[in-house]
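For the sequence shown, position 238 matches number 317 in this note's numbering, and the numbering has no gaps at all.
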Amino acid sequence: MTDPISPPELIWAESVEHWSGSADVLVVGYGIAGACAALEAQRSGADVLVIERASGGGGASALSAGIFYFGGGTEAQRAAGYEDTSDAMFDFLMASTGAPDARLVRRYCDNSVAQFEWLEAQGVPFNRGYYKGKAVIAPTDDCLASTGNEKVWPYHGIATPAPRGHKVAKEGDGGGALAMNALIVACEQEGVRVASDSRVNALIGDAAGRIVGVRARQSDGQKYFRARRGVILAAGAFGMNREMLDHYAPTLPDSCVPLGIPNNDGDAIRLGLSAGAALRSMGGIIATASYYPPEQLIKGILVNNRGERFVAEDSYHGRTGQAIREQPGTVAYLIVDSETFAYPEVSRAQHRFVDGWETVPEMEQGLELPPGSLQRTLADYNEGAGHGEDPLYHKHADWLQPLDKPPYAAFELSYSNSYYYYITLGGMATDADARVLGVDGQPISGLFAAGACVSSIAQDGKGYASGLMLGPASYFGRVAGQNAAQANGEG
Ligand SMILES: Cc1cc2nc3c(=O)[nH]c(=O)nc-3n(C[C@H](O)[C@H](O)[C@H](O)COP(=O)(O)OP(=O)(O)OC[C@H]3O[C@@H](n4cnc5c(N)ncnc54)[C@H](O)[C@@H]3O)c2cc1C
């Protein structure tokens, strides 16, 4: 599986001489999508075998911060005083994410409260705390936080904003491991079988065009596993596959660093291709190097190498990251004055302090911006901010304050001089029933998928909100499990 364009072979079932094992439902990959799929399929009465390439379950899910995007009035939201509705959540997601399948988003929103409760019932710990600050990952163990663009123009006018990031109860980062521990224990208690150290490298189809099994490489050779009802692909993202990235996301700067595990190299997507799967939004990437916290930096402005603003500075950091990626040379500076000055706290982002200057013309010259450009930009911005307005990008009044107290300072946010890390958002096209769709838009018989190997709700960094991977991966993993368990050889 070295060529990113050509998929692996699709093996014909008739050619298989010996089946090493079988199950009603085969699940490929034991991250959060696979674990949720396996649990639900087994509980639906199916005999399940999870086939995992690593020596144990967890995947990138176990590395994650453990933030799930849920809404519609979860207990955590109600405890914090928010009367969120699934309609508001739907309206926001449809307006902001570019999701192509409204039915899929509707289903996610309508089942969001129940999905939060389901995770808790599996032992995934969440408390009822609310972190009100603006952070990449809340430093506390509080559950609820705003993790998207809900309060950013124009979305706050389209749907009533509510915080929808639900973080596993762990201080700061690392909640994903707690979530995966709980789900793996639940799978063990349910009797889910797992074959680890087994890399699935081909799908098996029958004469009717149905996917009926997989081939996996184990230490003693190639093995063939038959699926009586369905195969679920849940083998994760492709961010670690440089050839696939160069092909599908050629504008991603080389300096960006992928987040994930080595096995996030696109196997599931290429397996899906072998069965004729359609792919969606393969160039969709969220790349980020947040300049906040501290929050006061949001009162600064971001300018490109023309000395012009280009984004509302109160945007979610992934939206800002994509906006910077779209600037000439991916160059950007954060401009602050003496009242708003602070050092960015996300040390990993490595935003360089450029210098301090007594006047705006000196700063303009120091940053090698076109003469007069920054002076104009700041004068316009300060005039609006003085009235609590930002006619250009509609930054919320909470963050508007004229930048007119020297000395001034700049931090560099350019891709080439910062540490941007990313995850991929594109993958197979699936429907609201987690069925993999072919290029003709029709479901591929016997094949289901969920998690980071599918294109789900967020299509790119501008529309992403923290939690929009784990949330849909966990929910549509379950949907895949239920539907694969009920598949009867006809669909
Ligand atoms: C550091 C970090 C922090 C993150 N934080 C968040 C967050 O807070 N909220 C959020 O929503 N998202 C977050 N994400 C993204 C999120 O973690 C992933 O999108 C999500 O976990 C994907 O789940 P998955 O089950 O699809 O894939 P994974 O969890 O990656 O699981 C896939 C599994 O498939 C296995 N596999 C791969 N190839 C094969 C093969 N050929 N055969 C068999 N098995 C195979 C892998 O070994 C792996 O175990 C974060 C990601 C990272 C890396």
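The beta-carbon is built from N, C-alpha and C at its ideal position, and this holds for glycine as well. From a predicted model like this one, the values you see are computed outputs, not experimental measurements.
Rounded separation between residue i and residue j - CA only
i: residue 470; j: residue 459; result: 9 Å
i: residue 378; j: residue 496; result: 22 Å
i: residue 80; j: residue 354; result: The predicted position of residue 80 is uncertain, since its pLDDT is 45 and thus under 50; a value taken from the coordinates is nonetheless stated next. Roughly 15 Å separates the two Cα atoms.
i: residue 304; j: residue 91; result: 13 Å
i: residue 184; j: residue 504; result: 15 Å
i: residue 166; j: residue 188; result: 8 Å
i: residue 334; j: residue 423; result: 20 Å
i: residue 210; j: residue 155; result: 11 Å
i: residue 162; j: residue 227; result: 18 Å
i: residue 506; j: residue 531; result: 7 Å
i: residue 570; j: residue 99; result: Because residue 570 carries a pLDDT of 43, less than 50, the predicted location of this residue cannot be relied on, and the following value inherits that uncertainty. Going from the Cα of residue 570 to the Cα of residue 99 covers about 25 Å.
i: residue 451; j: residue 418; result: 23 Å
i: residue 548; j: residue 237; result: 23 Å
i: residue 455; j: residue 108; result: 54 Å
i: residue 152; j: residue 94; result: 52 Å
i: residue 239; j: residue 171; result: 8 Å
i: residue 207; j: residue 330; result: 41 Å
i: residue 147; j: residue 449; result: 43 Å
i: residue 134; j: residue 194; result: 28 Å
i: residue 387; j: residue 381; result: 8 Å
i: residue 433; j: residue 491; result: 6 Å
Coarse secondary structure for residue i, derived from DSSP in three states
i: residue 290; result: strand
i: residue 427; result: helix
i: residue 389; result: coil
i: residue 496; result: helix
i: residue 148; result: strand
i: residue 249; result: coil
i: residue 280; result: strand
i: residue 171; result: helix
i: residue 301; result: strand
i: residue 442; result: helix
i: residue 366; result: strand
i: residue 468; result: coil
i: residue 331; result: coil
i: residue 259; result: helix
i: residue 534; result: strand
i: residue 90; result: strand
i: residue 556; result: helix
i: residue 312; result: strand
i: residue 503; result: strand
i: residue 422; result: coil
Neighbourhood of residue i by C-beta distance below 6 Å, restricted to the same chain and skipping five residues each side
i: residue 561; result: 119 and 123
i: residue 472; result: 391
i: residue 367; result: 396, 397 and 400
i: residue 352; result: 86
i: residue 526; result: 290, 310, 354 and 515
i: residue 242; result: 223, 224 and 225
Residue burial classification, residue i (beta-carbon count within 10 angstroms, cutoff 16)
i: residue 182; result: exposed
i: residue 478; result: buried
i: residue 82; result: Confidence in residue 82 is poor, its pLDDT being 49 and thus under 50, which makes the residue's placement unreliable; the coordinate value appears in the next sentence. Exposed: under 16 other Cβ atoms inside 10 Å.
i: residue 484; result: exposed
i: residue 229; result: buried
i: residue 97; result: exposed
i: residue 175; result: buried
i: residue 430; result: buried
i: residue 383; result: buried
i: residue 104; result: buried
i: residue 493; result: buried
Residues of its chain near residue i, where Cβ-Cβ distance is below 8 Å and the 5 sequence neighbours each way are ignored
i: residue 339; result: 139, 142, 315, 316, 318, 319 and 502
i: residue 115; result: 262, 529, 552, 553, 554, 556, 557 and 560
Contacting residues, own chain, Cβ-Cβ under 7 Å from residue i (five flanking each side not counted)
i: residue 249; result: 145, 220 and 257
i: residue 373; result: 421 and 424
i: residue 215; result: 369, 396 and 425
i: residue 169; result: 184, 185 and 188
i: residue 438; result: 485
i: residue 416; result: 482, 483, 484, 485 and 487
i: residue 440; result: 454
i: residue 202; result: 261, 264 and 265
Any non-hydrogen atom of ligand 2 closer than 7 Å to residue i Cβ
i: residue 352; result: Because ligand 2 does not appear in the structure shown, any question about it cannot be addressed here, the ligands present being ligand 1.
Segment contact, 8 Å Cβ cut-off, at least three pairs: the segment 363-377 with the segment 538-547: The segment 363-377 vs the segment 538-547: in contact.
Please determine if the segment 277-286 and the segment 258-268 are in contact, where contact requires at least 3 C-beta pairs separated by less than 8 Å. Counting C-beta pairs closer than 8 Å gives fewer than three between the segment 277-286 and the segment 258-268, which falls short of the contact rule.
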